[in-house]
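Here's the structure we're looking at; comments come further down.
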Amino acid sequence: MRTIIEPFRIKSVEPIHWTTRAQREQFLQAAFNNLFLLPADDVLIDLLTDSGTGAMSTHQWAAIMEGDESYAGSRSFDRFRDSVQDIFGYKNVIPTHQGRAAERILFSCMCKKGDIVPNNTHFDTTRANIEFVGAEAVDLVIEEGRHPSTHHPFKGNLDVDALEALIEKVGRDRIPLVMLTITNNSGGGQPVSMENAKAVSAICRRNKIPLYFDACRFAENSYFIKLREKGYENRSPKEIAQEMFGYGDGCTMSAKKDGMANIGGFLCTNDDVLAQQEKNLLILTEGYPTYGGLAGRDLEAIAVGVQEALHEDYLKYRIASTAYLGNHISAQGVPIVQPPGGHAIYIDARAFLPHVAPDHFPAVALANELYLEGGIRSVEIGTLMFGPQAKMDLVRLAIPRRVYTQSHIDYVVEVILEVWKNREKIKGLQLTYEAPFLRHFTAKLEPVKVAEPAVAAIH
Ligand code: F0G
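Taken in order, the sequence shown gives residues 299 to 757; the numbers are from the numbering used here.
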């Protein structure tokens, strides 16, 4: 059969809330034109993030009842560690409350002022945790990964020549580790090929620099390799993940993504001395090493979730349903980051709204219009988030795992196409309040009052 269906049936449902356009106009005004400030109940389809927003399976809920809440030596920790090791293969598995806690501990133990950490593209919490210890985060994604409309099967790949040149220039002693983010979230949810991971690993080993994966969306990355990389057609996503992690020395992980859980994360390493330092820091702020800030039941949900994320029928539906959204809007001319990524579709707001200058936040204006038109919440990744140095203004539509059905996605397509038809009417925004850092979360905005400067004409 050609039709790809959701590989599950629904046992428990959660109502969503309809509102009228007039109500949404009021809600958006009360939220100072910032979708982060909206009550979630006023959103119909919430595509703000795929992090912690997924639906758990019956197997996960059943495992939750088996949670052992013992402070030390919990049986749930053993199950969690065994399941993680089965896929990731690393000697030490340290639970944390989410991905950024794993990052903070890793960089606190491995980096110091003046160090440099290369990555394909650092996620914002990864970058912030590196900068917090005085080190520098450097993005080395391949050239194709920097252009929204360019097609390439592995746009998340790290530029190996640039990595070698960087090591040559600053010396291996200033590079305590190299990271590879699979998939590359900040670069459009694009995958990294096995060939690239192998090449990066070889450079790291030659220079005796440890390689760590930011593994948040490792299962989606594995499935892209199966679909797109020669020699992997007949390998299972789990075998592909196992091979890839074998090229590294450890990883950070947010179990809120391909852990299929609503909370949790972990840090892995093959280095026993480092693991001891990490556990000492863990005890200080997260918790004892057999729970790391999580409940025993959370560990159970993750133990089951990381395995379910690798099921082939699930991944086939996951990747197909994200592509379905991207392909249906792009076929009508909507500019998106190509090809569609694993967990999200990114609309290029500068190309969608060429009459709105970047300093009038085109991606915020577009995201707000999607809310007004159809109650859809998305997120700006652009000038509001990164400041004037932002190279792109994107609207990310992140798809929660196993939550929305095809008819929800059909509705999202219809709303986006309606907004596309009326795009000339969309106006930019200006700030009325901004916090000194991470301003996008709390910013207040209003429609621009000054006349828009004439930019390029709309095609
Ligand atoms: N690394 C990547 C690639 C991420 O996408 C995230 C989170 C993290 C690390 C941090 O994990 O949230 O568990 O602390 N990304 C979410 C998102 C927030 O919406 O993309 P966390």
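All C-beta atoms in this analysis are idealised placements derived from N, C-alpha and C, irrespective of residue type, glycine included.
How would you label residue i, buried or exposed, when you count the other beta carbons within 10 angstroms and need 16 or more for buried?
i    : result
G590 : buried
E716 : exposed
D413 : buried
H449 : exposed
P633 : buried
S628 : buried
F421 : buried
A758 : Absent from the structure is residue 758, since the part of the chain shown begins at 299 and ends at 757.
I756 : Residue placement at I756 cannot be trusted, given a pLDDT of 49 that sits under 50; the coordinates are not used to answer.
A601 : buried
L582 : exposed
G594 : buried
A741 : buried
H738 : buried
Y388 : buried
D348 : buried
Q636 : buried
H641 : buried
Considering only heavy atoms of the ligand F0G, does any lie closer than 7 Å to the CB of residue i?
i    : result
Q358 : no
S374 : no
K453 : no
R398 : yes
E696 : Rather than Glu, the amino acid found at residue 696 in this sequence is Ala. Yes, since a heavy atom of the ligand F0G falls inside the 7 Å radius drawn around the Cβ of A696.
G563 : yes
F330 : no
F421 : yes
N483 : yes
K554 : yes
S349 : yes
D512 : yes
T681 : no
T424 : yes
T317 : no
T479 : yes
Which same chain residues end up closer than 6 Å to residue i when comparing Cβ atoms and leaving out the 5 residues on each side of it in sequence?
i    : result
D556 : R515, F516, A517, A607
H626 : V711
D344 : R675
H315 : D339
S520 : P535, I538, A539
Please return the same chain residues whose Cβ sits closer than 7 Å to the Cβ of residue i, not counting the five positions on each side in sequence.
i    : result
P305 : D611, Y612, Y615
S491 : F452, N455, I523, E527
T681 : P656, D657, F659, A688, D691
A400 : T394, T550, M551, G563, F564, L565
Y530 : M492, I523, K524, I538
Q605 : S381
Compare the C-beta of residue i against all C-beta atoms of chain D and say whether one is closer than 8 Å.
i    : result
K577 : No chain D is part of this structure, which consists of one protein chain only.
Apart from the five residues on each side of it in sequence, which residues of its chain come closer than 8 Å, Cβ to Cβ, to residue i?
i    : result
A663 : A647, L651, V654, I724, K725, G726, L727
F430 : R402, F405
May I have a chain-ordered list of the alpha helix (DSSP H) segments no shorter than 4 residues that lie completely inside the region 618-649?
none
Please go through the region 381-443 and give each complete alpha helix (DSSP H) segment of 4 or more residues, from N-terminal end onward. 397-408, 422-430
May I have a chain-ordered list of the alpha helix (DSSP H) segments no shorter than 4 residues that lie completely inside the region 491-537? 492-504, 516-526
Which runs of the alpha helix (DSSP H) fall wholly inside the region 306-361 and span at least 4 residues, in chain order?
319-328
- Which residue spans inside the region 680-745 form an unbroken alpha helix (DSSP H) run of at least 4? 681-684, 704-719
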